[in-house]
Amino acid sequence: MISISSDVIRGYNDTMILCLLKKSPSYGYEISKSIKALTSEKYIIKETTLYSAFTRMEENGYVESYSQEAENGKRRTYYRITDKGKSYYDEKCDEWKLTKEVVEKFISQREEAANGNY
Numbered sequence: 254m255i256s257i258s259s260d261v262i263r264g265y266n267d268t269m270i271l272c273l274l275k276k277s278p279s280y281g282y283e284i285s286k287s288i289k290a291l292t293s294e295k296y297i298i299k300e301t302t303l304y305s306a307f308t309r310m311e312e313n314g315y316v317e318s319y320s321q322e323a324e325n326g327k328r329r330t331y332y333r334i335t336d337k338g339k340s341y342y343d344e345k346c347d348e349w350k351l352t353k354e355v356v357e358k359f360i361s362q363r364e365e366a367a368n369g370n371y
């Protein structure tokens, strides 16, 4: 089975996390599980990657963290998206559309070559 290289997807970890936080505030493990489930386990974000992203996004003002007691009584650090984070998410979505369009020009060459049209 082909998996997604972390190098390929690295620039969009923030986008995936922000997408989930747009729905509701959440904590790291829950976000990790959501990414794994939504990608049908084709992409599993590493814990260090996830928390590096949280730190970077908090420093850039895209998310805010706060501590809250969970149902089991343990304190967890939750993250919520800010207005700046929502704007950044929209920019990254537009960037992805353009990136996908550009890369698709080259990927389609493979199919054309296979059909003898290249």
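Residue numbers (our numbering): 254 to 371.
In this text, a Cβ means the ideal position worked out from N, Cα and C, and glycines have one as well.
| Check | Outcome |
| --- | --- |
| Ignore the nearest five residues each way along the sequence and tell me which others in residue 339's own chain have a CB closer than 8 Å to its CB. | 271, 275 |
| Using only the alpha-carbon positions, how far apart do residue 306 and residue 316 sit? | 10 Å |
| Take the Cβ of residue 341 as the centre, count every other Cβ of all protein chains shown within 10 Å, and call the residue buried at 16 or more, exposed below. | buried |
| Are the stretch 279 to 293 and the stretch 315 to 335 in contact at 8 Å, needing three or more beta carbon pairs? | yes |
| Hey, quick one: how far does the beta strand (DSSP E) through residue 263 stretch, first residue to last? | Premise fails: residue 263 is in no beta strand (DSSP E) and is neither H nor E. |
| Which whole runs of the beta strand (DSSP E) in the stretch 299 to 368 are 3 residues long or more, in chain order? | 316 to 322, 328 to 334 |
| Exposed or buried, what is residue 325 when buried is set at 16 or more other beta-carbons lying within 10 Å of its beta-carbon? | exposed |
| My output table needs one value for residue 277: the three-state DSSP class, helix, strand or coil. | coil |
| How would you label residue 266, buried or exposed, when you count the other beta carbons within 10 angstroms and need 16 or more for buried? | buried |
| Determine, using beta carbons only, whether residue 255 and residue 269 come nearer to each other than 7 Å. | no |
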